[in-house]
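Before any comments, here is the structure.
Numbering (UniProt numbering), first residue to last: 1 to 1227.
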């Protein structure tokens, strides 16, 4: 286990006091750079570093003087060995384990240094930036005892608050990443220590949370040497919360007694002898007093076969650790599946933590390499965080967008605009409500949305919408992510409502019901998977979909934010931005500012209105409880108390219950077994080490072969690596594998009493109970508790039977979304983010109190977004950052080592190799690469549009025409012949010169380039109906008479290329007109020759000697060819409709995403492995991170395809009726 805490200089200096095990040791590259290595012999050097000084005390390393004990001298990272390791090493006498512990500590510190050693830099006019340093100065001290003098091997690693940047400057250590990765670092230590023990011949048993013990130790022996833990449990109780245990820890803390190591060891050996502790021997796992009888041996063997043993149960050699295996690959696949269930983007550390919990003996460096090279992962990292999304997540998002786009312009409006205006005229509506209802009644689209702030009156607007739609024969159904939200929707809107999950799990009706409209409330809580399946089901049942929600509030627990993604992709959206909930001007103004993202302004108003209460952390809960108990009884039910975590929620609840008992509001309590979901992913449920003896499982389906019934509860009474032993309610035992679908519950004992406010935590359709449904305990008689819901309905249950319920006095911020209260009390903590802050403060009508220990810190937290992300926006952000030169320092790979980043500087100073089929121009002409000056300009506008501009969707007719003609174009693009296209050399040349994109460099092999680029493998597949396919086939047969350009036209293109080689100022004529080629004003130094670097001017910084790693020729050729072919789509769009604002601007493929900016001045191609190409037209010239040879050829190809497009509409010109059946295109 690893604990981390800040220490001041005074405390850190006490680690040298007498009686400790031995002198300390220096560790880290930062320490080595200060000439501090080996044992810590110079105590003054140690003390000086704690004070922020150089070892000799002559220089300040902090950049400024620090103020004594107010200075954070260091952080103390304490690595604690498992109790069995401490016993075996310190009492059992195997001191090899001490060295194994030290080695595991050093391996973990190496990882910490390479990944998480960071500092901050401040540049004028810019916010502070965090940079990687990779250098720590650490002092290590081994200790061997607890405060109660029990054996406890642990090492204090005093990580000094100094680090050295790459420029040689010493600055303060930015330790946020170290704190954030505390759990991972602790697991890495435990894992490394377990590997070292197995090398020494020990077997180990993996425990919860990545911890382990040496196999063969009795639990009672370990408990006998854990007096401190027993004190805390005696003070707080066995079922105490973490907070209550922390309080007990402080109450029972006594001054540490100093005893010599030799005396301690003698004391421990006496105690072990008196207790009969059996120490294990390596290799055999047998106690040193002998083998014991056969029964004892069998018991030890059975213990060593516990489910968490897994691969730890075998001795391993170094090769098994060093080289990836099929088992390792499978574990990585499982880890990725686990991570992507909760987030579309996850960190490398998230994958590592899952694998380390799995108990496999895997080398971390090998593991990170395997992860980084995984074929299904897409790198969306930045400088400091190695993050990934998956191909599956990207494809799901694109498929969801495609379903929405396919429904555009496919529906008749419910009413005409005139009828709508007449119907809404007598109704009092806000401007947003009026727009929402009108849009929903008049839209031609199958899928649309209402985006509304909290309290905008969305439910009121839905009432009027459903009334009008029903009058015209439409059948309205409601759905929501949660059962409670669905119940509220159904009651308040007066429609049939259910959960989205129930819809997706239900069987589709054989007969499609006509005129369906599905209203999906709280659509912001839909996961990516649920949204995709919902739109698929709607398409199958020919239902319209109205998504209602708010992208600024909290997202689903599962992966994805589809409501946001669909809006960005052009989904028709009506907006309601006026909140009607708050009753005071201050609250209304503050919430309005916060809803717009202006957190500083909203926070300031709340502070002025005395809504923010700053109180010491240890007093915060008492303050909330006292304020609640002062509220009159009649108003308490209209009060909402919010906490960030379940731990704090339970602590506040227990304190309030004590107060209510003192008031006589709660009766005598009875004990009840509470079922709490373990919140495991589907992958976790397949592994027995995530399950504990005593847990209860409830199968999701009937499993006859396993003898399991859907919905029944089975208790886990035993387990091993591959199986569970379950016990049903009758005592019957069943041994099954863990691979069946199930819910898993942890059981704990709680007290309930008459007067308690409780809530169900699980849906039970048979009993009519909903997850989140609140009720009050009215009576407890015998073994039955009688309860009453808010609507007055009564129910009862047997409290001897485990129940899925919880206290309802206090809610988490997440569960409060959708609720409203007159008075809201909020306990703010580290979990607050931009979205949760908005949700919390927007619940209130009249009175708000927000309790915090630090207002400034709360403001910083409230400004940081924690919204769920989508793959497309992550790819877009990464590529924009690359092109803007955001990654100006070193980027680190999965192993923490530096790798080159694509930056503005190193693009311009690196060799960009042309593909094999592109002829490089002579080295004497310095005009074939992109200049430093050019690339230092902004290639992407600061206020760039969304990935797909949502303000300019394709209109009805244009959409149909674009789809049809694009399909026609692609079906013919590989069979275009000179018989069907009468090309004129001079006309082509004229168009090329007029396009303002042609450079004055040479063009060679033009005809080959044109033919190859036109036939590049960009495939547009389309689901079209039978008639459309038939017509396309006829068109292809017409055009397929010859596939090659004639010799004559081949010669024409060759002549064209030769003419382009001429003087740039030469006048070029056509039979119809004389055209002067525009001069492109630039210096010869603008375009350095390939395989050369730009010579910097005296005013420019010296370019980096490191160059950008060059992709393989095959990769670059694929990029360029795809870019060329995709660029030609611009002409296609202009040919269909010359208005850019109505053109589709984003296409996606298996390996690429192609995007054209709104003004069509910037074209970008993103590859999933992080490569990217960009082309921008500015001042009549095309520029980008391609050499000019590439730019020139794209200009020629684009113009050529444009000419062809103007000739190919004759074979097939479908009618509007046929076009209406076109189902859309996908790339």
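Note that the Cβ used here is the ideal one computed from N, Cα and C, for glycine as well.
- Inter-residue distance for residue 623 and residue 581 is about 27 Å (C-alpha atoms, whole angstroms).
- Taking C-beta atoms as the reference points, residue 571 and residue 456 fail to come closer than 8 Å.
- As computed with DSSP, residue 191 is found in no beta bridge at all.
- Only residues of its own chain outside the window of five on either side were considered, and among them 307, 688, 691, 693 and 725 have a CB closer than 7 Å to the CB of residue 719, listed in chain order.
- The beta carbon of residue 522 sits closer than 8 Å to those of 480, 481, 482, 485, 548, 549, 817 and 818, all from its chain and outside the five residues before and after it, given in chain order.
- Residue 60 sits away from residue 4, with the two beta carbons spaced by 8 Å or more.
- By the C-beta density criterion, residue 592 is buried, having at least 16 other C-beta atoms within 10 angstroms.
- For residue 338, the enclosing alpha helix (DSSP H) stretches over residues 326-342.
- Relative to residue 598, the option among 862, 677, 815 and 452 whose CA is nearest is 862.
- Residues of the same chain with a CB within less than 6 Å of the CB of residue 337, apart from the 5 flanking positions on each side, are 683 in chain order.
- Per DSSP, residue 488 lies in no beta strand (DSSP E); the unbroken alpha helix (DSSP H) holding it starts and ends at 483-493.
- Close CB contacts of residue 831 within its chain, under the 7 Å cut and outside five residues either way in sequence, are with 644 and 645 (chain order).
- Assigned with DSSP and collapsed to three states, residue 500 falls in helix.
- Note on residue 585: under 16 other CB atoms within 10 angstroms of its CB, so exposed under the neighbour-count rule.
- Excluding residues up to 5 positions away in sequence, 734 lie with their Cβ nearer than 6 Å to the Cβ of residue 707 in the same chain.
- Per DSSP, reduced to three states, the secondary structure at residue 6 is strand.
- For residue 155, the pairing in a beta bridge is given by DSSP as 79 and 142.
- Exclusion of the five residues before and after residue 451 leaves 573 and 575 as the residues of its chain whose Cβ lies within less than 6 Å of its Cβ.
- Annotated three-state conformation of residue 267 is helix, per DSSP.
- Between the alpha carbons of residue 674 and residue 654 lies a distance of about 15 Å.
- Restricting attention to 672, 118 and 781, the CA atom closest to the CA of residue 748 is found in 672.
- Going by DSSP, residue 836 is part of the alpha helix (DSSP H) stretching over 834-841.
- In the displayed model, residue 464 falls within a helix according to three-state DSSP.
- For the pair residue 10 and residue 98, the Cα-to-Cα distance works out to about 28 Å.
- Looking at the backbone, the Cα of residue 629 and that of residue 824 are separated by about 14 Å.
- Per DSSP, residue 213 lies in no alpha helix (DSSP H); the unbroken beta strand (DSSP E) holding it starts and ends at 212-214.
- With a threshold of 16 other beta carbon atoms within 10 Å, residue 333 falls short and is exposed.
- In the DSSP secondary-structure assignment, residue 823 is bridged to 639 and 847.
- Of all alpha-carbon atoms in 468, 502 and 471, the one lying nearest the alpha-carbon of residue 478 is that of 502.
- Residue 538 places its beta carbon 8 Å or farther from that of residue 396.
- Under the DSSP assignment, residue 807 falls in the beta strand (DSSP E) whose first and last residues are 805-807.
- A direct Cα-to-Cα measurement between residue 158 and residue 811 gives close to 39 Å.
- When the Cα atoms are used, residue 348 and residue 268 turn out to be separated by approximately 42 Å.
- Cβ neighbours of residue 853 within its own chain (closer than 8 Å, five residues either side excluded): 614, 615, 616, 617 and 620.
- Of the residues 172, 155 and 79, the one whose Cα lies closest to the Cα of residue 122 is 172.
- In the DSSP assignment, residue 758 falls outside any alpha helix (DSSP H) and within the unbroken beta strand (DSSP E) covering 757-760.
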